[in-house]
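Residue numbers (the working numbering), protein chains in the order written: chain A, 597 to 940; chain B, 597 to 940; chain C, 563 to 895; chain D, 563 to 895. Ideal Cβ placement from N, Cα and C applies to all residues, glycine included. The structure presented is a predicted model; accordingly, all values stated were derived computationally and were not measured.
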Amino acid sequence: MTATTKRSARTKRSREHPQRTPGPADGCELYRQMLRIRRFEEKCVELYSAEKIRGFMHLCIGEEAVAVGVMQALADDDAVVATYREHGQALARGMSMSTVLAEMFGRVTGCSRGRGGSMHLFDSSLRFYGGNAIVGGGLPLAVGFALAEKMRGSNRVTACVFGDGAVAEGEFHESANLAALWQLPIAFFCENNRYAMGTALEREHAQTDLALRAASYGMVAWSVDGMDVMPVADAARRAVELVRDNGGPCFVELHTYRFRAHSMYDPDRYRDKAEIAQWRTRDPLPALAHRLRADGALSDADLNRMETEIEAEITAAVEEAEAAPLEAVEDLTRFVYSDRGAQP
Amino acid sequence: MTATTKRSARTKRSREHPQRTPGPADGCELYRQMLRIRRFEEKCVELYSAEKIRGFMHLCIGEEAVAVGVMQALADDDAVVATYREHGQALARGMSMSTVLAEMFGRVTGCSRGRGGSMHLFDSSLRFYGGNAIVGGGLPLAVGFALAEKMRGSNRVTACVFGDGAVAEGEFHESANLAALWQLPIAFFCENNRYAMGTALEREHAQTDLALRAASYGMVAWSVDGMDVMPVADAARRAVELVRDNGGPCFVELHTYRFRAHSMYDPDRYRDKAEIAQWRTRDPLPALAHRLRADGALSDADLNRMETEIEAEITAAVEEAEAAPLEAVEDLTRFVYSDRGAQP
Amino acid sequence: MTAAPAVAELTYREAVRAALRDALSQDDRVFLMGEDVGRYGGCFAVSMGLLEEFGPERIRDTPLSESGFVGAGIGAALAGMRPIVEIMTVNFSLLALDQILNNAATLLHMSGGQLNVPLVIRMTTGAGRQLAAQHSHSLEGWYAHIPGLRVLAPATIADARGMLAPALDDPDPVLIFEHGSLYNVSDSIPDGTEAVDIASAAVRRPGTDVSIITYGGTLRTVLRAADELERQHVSAEVIDLRVLRPLDDATLVDSVTRTHRAVIVDEGWRSGSLSAEITARLVEQAFYELDAPIERVCAAEVPMPYARHLEQAALPRADSVVAAALRAVGGHA
Amino acid sequence: MTAAPAVAELTYREAVRAALRDALSQDDRVFLMGEDVGRYGGCFAVSMGLLEEFGPERIRDTPLSESGFVGAGIGAALAGMRPIVEIMTVNFSLLALDQILNNAATLLHMSGGQLNVPLVIRMTTGAGRQLAAQHSHSLEGWYAHIPGLRVLAPATIADARGMLAPALDDPDPVLIFEHGSLYNVSDSIPDGTEAVDIASAAVRRPGTDVSIITYGGTLRTVLRAADELERQHVSAEVIDLRVLRPLDDATLVDSVTRTHRAVIVDEGWRSGSLSAEITARLVEQAFYELDAPIERVCAAEVPMPYARHLEQAALPRADSVVAAALRAVGGHA
Ligand SMILES: Cc1ncc(C[n+]2csc(CCOP(=O)(O)OP(=O)(O)O)c2C)c(N)n1
Ligand SMILES: Cc1ncc(C[n+]2csc(CCOP(=O)(O)OP(=O)(O)O)c2C)c(N)n1
Ligand SMILES: [Mg+2]
Ligand SMILES: [Mg+2]
């Protein structure tokens with residue numbers, strides 16, 4: 597099959613494809629999803645201090661607009677490849693709090709049966725190929741997903757989410773070139789939160805305009821305010837449509853900021869308190885809530901209901917996780933190789 | 597020491613630095629050097645067929661203008677990092693035919709004591725850190741040489757030569773970013789001969805303007821006709837001066853072509869004969885010879901003298917290599933670790 | 563070009579090509595991807611002609627981006643394809659090692675069994691052609707350290723022909739190491755498409771006095787040594803590991819239990835080579851059967867030198883295998 | 563922050579930092595380069611304060627470019643500097659493996675002795691902190707397969723303090739593996755700047771019945787096991803390898819010649835771990851001294867799981883070491 601017949605096949609099918617454009621009516625839903633992520637991660641902090649959650653845990657508090665705005669643009673059969681900072685994306689993609697929390701508790705009921713933890717959330721039923729803890733390691737995988745879809749002539753899009761630091765890795769370069777060279781249906785979403793651990797953007801990159809860098813591979817690339825979910829959602833939808841209709845890749849840089857330290861291990865000595873305070877004034881949640889109320893789209897009652905529902909979901913998830921069993925130690929080496937039966 | 601004091605230190609010293617600008621008078625010398633390389637490699641082909649030379653051998657026949665033009669721009673204490681296609685650069689840098697040929701014969705008198713062969717020519721006395729046979733593998737090394745010089749505040753330049761194929765490797769990306777981010781005194785010379793083995797430029801790169809790609813890292817970058825030694829020599833001189841005076845990196849793309857197959861193993865099925873013939877009309881040697889004679893700078897007598905001298909040098913080198921001893925087998929594992937004495 | 567099944571005499575190169583052709587013909591999820599597999603015909607001419615037969619989408623030339631295209635193979639496998647990724651030689655696979663170890667070998671377990679990686683990675687391995695230090699590695703035994711991978715080393719034409727199909731059927735990542743010195747070797751095999759198992763070692767020559775265990779590029783050296791030993795009235799049993807991970811301990815222990823002496827021949831650098839793991843397993847599982855120290859004949863611990871006489875001195879040779887076997891049978895008899 | 567020489571009690575972290583400070587103060591060719599070594603203070607707070615003391619040129623933060631900055635370290639070493647490159651953890655070193663194996667380890671030989679690479683690479687290694695499959699590798703024994711490298715595994719505060727100086731004096735590349743579980747361990751050492759050798763193994767506890775050989779992160783586990791064994795009237799000699807390449811065979815053989823029994827404890831995956839090479843050497847050099855099969859206690863062959871109970875089950879524990887030692891002394895006595 598030639599690229600052209602594939603391309604047209606894709607375009608044809610993409611017309612039938614259900615588009616889920618978030619209009620103003622969706623503002624409340626987007627807000628609810630961001631709030632759900634925020635409250636969930638605030639709970640995670642508690643649970644980490646209580647040593648219920650261990651290992652490395654990376655929060656996206658402050659970056660919720662990116663997680664929610666990007667995920668809402670994807671169709672159910674699109675694929676997502678993410679990083680270790682993926683709680684928000686996992687929830688926004690539709691994973692339940694209980695499966696995610698149970699995973700962080702190391703329980704067999706967790707999405708990865710307790711083998712992955714916070715950095716390795718996966719749900720193949722949602723095509724969420726999340727948690728990669730090697731910076732840049734997910735990029736070539738995403739190229740492979742997109743290559744498979746192109747070869748099959750499907751109109752599925754692969755969304756690949758990664759940070760500003762990952763752009764310095766050779767794997768970004770190789771993946772961007774392969775995606776553009778082979779015109780693969782992949783949307784690169786770069787969460788530029790201005791830091792790679794303690795290293796500020798201008799000490800990571802000679803050219804800090806990452807969209808400009810991506811454009812040099814010959815793909816459509818632009819930057820968006822990642823602190824406002826509406827432009828993020830809009831940009832993500834346009835990016836996904838572009839990829840779905842044209843088959844080729846595109847790159848969206850989302851300017852955002854993490855309000856918390858890099859991980860629970862990080863004393864956060866390298867950031868100026870004033871800078872953090874400044875970014876906190878751009879918190880995506882209160883800003884959107886204010887606009888929605890001004891538009892009369894969201895009432896105090898609605899807000900309270902959201903909070904209560906989310907709190908209930910969290911409480912239930914914690915209880916479930918607490919009560920959930922552990923994987924049997926005898927099964928330690930299970931899944932190193934497939935039980936031939938389990939083969940797809 | 598701060599970058600600024602270093603910068604000024606470098607600029608100061610670079611003024612004292614002997615510049616060796618090739619004027620028209622040098623045309624003959626440049627021609628002689630290209631001829632020397634051409635004849636040497638033609639002999640290597642013979643010797644390879646005679647099985648005196650084994651392993652992989654990559655010729656630069658057709659690319660002599662690049663080797664000669666770039667090397668003449670460097671001062672004695674500058675450093676060169678090259679690839680497995682380095683015979684021409686090694687000779688142009690001042691290595692003797694006998695040390696290079698003895699190496700290819702696997703003799704202990706070879707520059708690398710017969711341990712390296714054609715792909716691994718080294719001469720630390722000439723600061724020629726040549727032969728790297730892992731594509732892209734030399735780029736980070738060159739960054740390190742330049743970093744050392746910057747830290748010492750010297751005004752030495754590191755010249756890094758590599759091919760178009762290497763630009764696709766992650767190591768190119770990481771090295772270009774480091775060089776530009778840290779403003780290191782390195783001149784990248786990309787020998788774009790339009791093929792990486794059997795893979796044509798447009799199947800290697802989404803964006804085939806490699807200078808444009810390099811510019812996206814924020815370094816000065818431009819392209820030159822690599823089939824005419826004069827513009828190459830001029831561009832190389834300007835690149836080296838730029839690096840020496842400003843401390844930062846720059847990138848020169850040299851459009852060239854290999855008249856021969858990739859290596860002696862390559863049946864060269866992937867190139868159109870007409871394309872090869874077309875490029876052969878741009879052979880850097882006859883063109884320059886013609887101009888020099890038109891200018892009266894080069895007479896038939898001169899040409900004959902050159903040929904005779906070069907032939908004599910080749911004959912002597914072959915005889916020496918033939919006669920040279922082999923490394924003692926007992927010394928097989930020598931140089932895996934240093935004899936502590938040999939420590940620099 | 564038509565190789566196999568009908569063909570009687572087949573080179574190792576033709577055997578691999580025939581296996582590739584079968585796989586590509588029988589399953590349209592299968593594709594071959596790597597540097598110069600298409601227009602060039604493969605660095606070692608293995609895939610010659612396949613581009614013309616299956617087209618550029620399925621015989622896919624890649625840029626020089628080992629980590630990128632190996633990772634892409636993993637992603638395509640996760641997405642339900644059956645990629646065969648060719649890394650031109652093992653020497654370049656180091657650039658892709660993060661993808662192989664941290665993704666291909668790990669994803670199934672890390673995802674609690676959700677994500678299979680049905681990927682086959684082929685690479686040329688080994689020394690002996692004067693390609694010097696950066697082009698002569700034998701790292702297949704080193705790769706056998708990694709849980710989650712199956713590692714194959716076809717040493718015969720039949721295995722070169724037969725191992726690819728079961729490797730593609732395997733739901734988990736399989737690495738196939740083809741020794742560069744074997745491509746021109748030929749042999750006639752019964753029926754080209756006969757599938758082979760990818761779980762067991764094979765006794766290539768039965769014997770009673772000493773077990774010589776090897777794999778891949780050194781099998782032929784060992785068989786030559788066994789002939790010489792026979793002349794010296796020593797009956798050597800020659801075992802071809804075939805599968806470097808998981809190792810088939812039973813066949814090894816069974817042999818040593820009969821011969822009570824073992825020599826392991828491995829082209830890898832001696833320290834930390836697969837020969838060490840085999841020694842350890844024999845000691846653990848057959849200690850009281852051993853009548854002499856286990857002998858190892860490996861590559862010298864040196865970046866491979868270019869000069870022929872040095873390279874030859876660095877590699878396992880028939881005479882050094884014979885000497886080791888004689889030490890084993892002589893020792894403490 | 564002022565650590566050592568005067569200080570009596572020192573943590574492993576402080577010991578490494580003090581060694582770095584000495585090196586940076588005494589030789590201006592020395593600099594430290596790696597991800598977050600500067601402003602962040604080092605992923606494990608090892609280099610905390612050094613940026614303020616030595617400035618950003620010599621405490622150099624790098625972008626996420628492992629192959630790039632490790633290769634740059636090699637180049638700077640070739641150019642006469644004495645770089646200390648920190649790879650945050652061994653897990654990320656796979657991205658730099660081509661530079662380490664194909665350049666750092668081979669250039670001296672490949673150039674016929676012309677090019678020394680006086681480079682030190684430090685990395686954190688090991689599991690035990692629930693960091694899961696991609697952040698828990700123990701590959702130091704795997705690196706010990708590579709000719710041209712010296713591989714160190716400081717297991718004590720004194721070695722953490724003393725190994726850096728001789729490593730920097732070495733004209734060849736040296737890898738130093740710091741186990742992540744040791745940074746907070748403290749001990750009082752005589753004189754902080756006392757240089758140690760980087761050639762020999764050390765007997766950490768003398769014994770007569772069984773030799774327990776280990777290194778790095780598992781030394782303390784083994785010493786605990788030795789205490790328990792003593793309670794059970796088994797006298798265990800505990801050997802800390804210290805140097806994983808080149809191995810100090812003499813110390814191992816000497817010990818086993820006295821105890822006639824050996825247990826090797828290695829946090830690496832069992833198959834192809836350093837424990838296999840040590841087994842092979844003991845069999846080659848002390849076969850007739852061995853009264854029982856050599857026991858190995860290694861990590862389970864699994865990508866390290868996150869859940870604490872699974873991770874603990876996968877790692878060598880004191881009780882499994884005790885059990886192995888009892889098997890060894892019980893066996894065939
Ligand atoms: C290859 C690799 N190197 C280093 C690390 C350690 N590390 C984990 S996250 C991180 C920073 C990544 O920054 P960025 O890509 O911007 O993502 P962010 O954490 O800001 O979301 C580093 C250095 C790693 N996990 N993988
Ligand atoms: C990392 C790596 N991958 C593959 C190879 C095999 N190989 C040797 S040269 C070459 C082509 C390189 O092309 P280019 O960089 O354009 O240099 P040229 O040979 O054209 O001068 C390839 C693929 C290698 N040596 N190293
Ligand atoms: Mg970031
Ligand atoms: Mg080229």
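For residue i, three-class secondary structure by DSSP
i: residue 904 of chain D; result: Beyond the ends of chain D as shown, which are 563 and 895, falls residue 904 of chain D; an answer cannot be given.
i: residue 624 of chain A; result: helix
i: residue 728 of chain A; result: coil
i: residue 802 of chain A; result: coil
i: residue 715 of chain C; result: coil
i: residue 935 of chain A; result: coil
i: residue 791 of chain A; result: strand
i: residue 641 of chain A; result: helix
i: residue 766 of chain C; result: strand
i: residue 855 of chain B; result: coil
i: residue 822 of chain C; result: coil
i: residue 619 of chain B; result: The predicted model places residue 619 of chain B with a pLDDT of 45, which falls under 50 and marks its position as unreliable, so this point remains unresolved.
i: residue 750 of chain C; result: strand
i: residue 883 of chain C; result: helix
i: residue 763 of chain A; result: helix
i: residue 924 of chain B; result: coil
i: residue 877 of chain A; result: coil
i: residue 598 of chain C; result: coil
From the options, residue whose alpha carbon lies closest to that of residue i
i: residue 873 of chain D; options: A:915, A:838, A:924, A:907; result: A:924
i: residue 913 of chain B; options: B:700, B:857, B:895, B:662; result: B:700
i: residue 647 of chain D; options: D:669, D:851, D:620; result: D:620
i: residue 782 of chain D; options: D:796, D:892, D:751, D:743; result: D:743
i: residue 578 of chain C; options: C:680, C:721, C:779; result: C:721
i: residue 653 of chain C; options: C:877, C:889, C:866; result: C:866
i: residue 896 of chain D; options: D:624, D:683, D:858, D:632; result: Residue 896 of chain D lies beyond the range of chain D shown here (563 to 895); nothing can be said about it.
> For the stretch 828-840 of chain D, which residues have a CB atom closer than 9 Å to at least one CB atom of chain C, in sequence order?
Replying inline: 830, 831, 832, 833, 834, 835, 836, 837, 838, 839, 840
>> If the cut-off is 7 Å on Cβ atoms, which residues from the stretch 915-936 of chain A count as contacting chain D, listed in chain order?
In response: 922, 923, 925, 928, 929, 932
> Whose beta carbon lies closer than 6 Å to any heavy atom of ligand 3, going through the chain in order?
Replying inline: A:759, A:760, A:761, A:789, A:791, A:792
> If you measure beta-carbon to beta-carbon, which residues of the stretch 605-629 of chain C are closer than 7 Å to chain E?
Replying inline: The chain labelled as chain E is not found among the protein chains of the depicted structure, namely A, B, C and D.
>> Suppose only complete runs of 4+ residues qualify. What are the alpha helix (DSSP H) ranges in the stretch 630-682 of chain D, listed by chain order?
In response: 652-655, 669-672
> According to a CB-to-CB cut-off of less than 8 Å, which residues of the stretch 679-705 of chain C neighbour chain B?
Replying inline: 691, 692, 693, 694, 695, 696, 697
>> Threshold first: 4 residues or longer. Then list the alpha helix (DSSP H) segments lying entirely within the stretch 771-809 of chain D, N to C.
In response: 781-793
> Enumerated in chain order, which unbroken segments of the beta strand (DSSP E) with a length of 3 residues or greater are wholly contained in the stretch 850-879 of chain C?
Replying inline: 857-861
>> Which runs of the alpha helix (DSSP H) at least 4 residues long sit entirely within the stretch 645-697 of chain A? Give them in chain order.
In response: 660-667, 683-689
> When Cβ atoms are compared, which residues of the stretch 711-739 of chain D fall closer than 7 Å to chain B?
Replying inline: 733, 734
>> Using a Cβ-Cβ cutoff of 8 Å, what residues of the stretch 661-672 of chain D are near chain C? List them in chain order.
In response: 663, 664, 667, 668, 671, 672
>> Runs of 3 residues minimum, wholly inside the stretch 813-854 of chain B: which ones carry the beta strand (DSSP E) assignment?
In response: 816-821, 846-851
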